[in-house]
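Okay, structure coming up:
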């Protein structure tokens, strides 16, 4: 993608700002592009779950009741919660105009000529990606205690959650790029398949993006054989879910 078509003079004319004021702010086109691109990158954040989506996750745990006392019941719950969460996450990000801009700038950056502009945009992209990774890793670090899972050996805390977060972020980016090319904005991901995957006994309608994202999760986490699911543990899990919901409700930003 080229930026040669962008005209500082045209922007000045359409904004109604005087040329003198504009050129004091941006002496040349490179300065103008730098501020536009870097500001757009730094303004991008992970899109927070809506109250409705967070309520769905809470309800799944609270209505499961006695099912949590059996390994199969817990597996069914975990798979369904991940399906709902992954699908909602994909749809939010795919529909976000900020994310579409962010991905376009990421693609554009590689084509920029070597120099200060490209260096500054690359630095902003790296900073923003690091903030995304930190946020995802912090959320994933809460999951083992909540779900009775652990990192698949030989991965260990805390680095294992950062590795997991990087894989999940890369998968999401690839899915968004693919869906953006294949379908209108906000309707990516195609249709659904009725499945009971990942050891669940409950069939549900799975989109391919949700299936791929949940595959990443189960590549990194597994049931903890030492976890004991007493009634006290179930009550503690409900309290931990409330804490996780608060963490999810705060979008990551630079």
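In this note's numbering, the protein residues as written are 58 to 311.
We put the beta carbon where it would ideally sit given N, CA and C, even for glycine.
Note that the structure is predicted; figures quoted are calculated from it, not measured.
Does the count of Cβ pairs from the stretch 249–258 and the stretch 172–184 closer than 8 Å reach three?
As far as the Cβ criterion goes, the stretch 249–258 does not touch the stretch 172–184, which means the pair count is below three.
For residue 194, collect the residues of the same chain with a Cβ closer than 8 Å to its Cβ; drop the 5 residues on either side in sequence, then sort them by chain order.
Here residue 194 refers to the residue found at position 137 when the chain shown is read from its first residue. The residues are 215, 218, 219, 221, 222.
Could you compute how far the alpha carbon of residue 238 sits from the alpha carbon of residue 151?
Within the chain shown, numbered from 1, the residue matching residue 238 stands at position 181. Within the chain shown, numbered from 1, the residue matching residue 151 stands at position 94. Answer to the nearest angstrom: the Cα atoms are 11 Å apart.
Does residue 261 come out as helix, strand or coil in the three-state DSSP assignment?
Reading the chain shown from its first residue, position 204 is the one you call residue 261. Correct three-state label for residue 261: strand.
What is the DSSP secondary structure of residue 57, counted as helix, strand or coil?
Only positions 58 to 311 of the chain appear in the structure, and residue 57 is not among them; the question remains open.
DSSP puts residue 278 in a beta bridge; with which residues?
If you number the chain shown from 1, residue 278 lands on position 221. Note: residue 278 sits in a beta bridge opposite 208.
Near residue 140, which residues of its chain fall below 8 Å by C-beta distance, leaving aside the five closest residues on each side in sequence?
In the chain shown, residue 140 corresponds to position 83, counting from 1. The answer, listed in chain order, is 261, 263, 267, 271.
Let me check understanding here. Comparing Cα to Cα, which of 232, 148, 288 lies closest to residue 269?
Within the chain shown, the letter at position 212 stands for residue 269. Answer by Cα proximity: 232.
Following the continuous beta strand (DSSP E) through residue 252, name the residue where it begins and the one where it ends.
Position 195 of the chain shown, counted from the first residue, corresponds to residue 252. Unbroken beta strand (DSSP E) run through residue 252: 249–252.
Please classify residue 101 as buried or exposed, where buried requires at least 16 other C-beta atoms within 10 Å of its C-beta.
Working through the chain shown from its first residue, we reach residue 101 at position 44. By the neighbour-count rule (16 or more Cβ atoms within 10 Å), residue 101 is buried.
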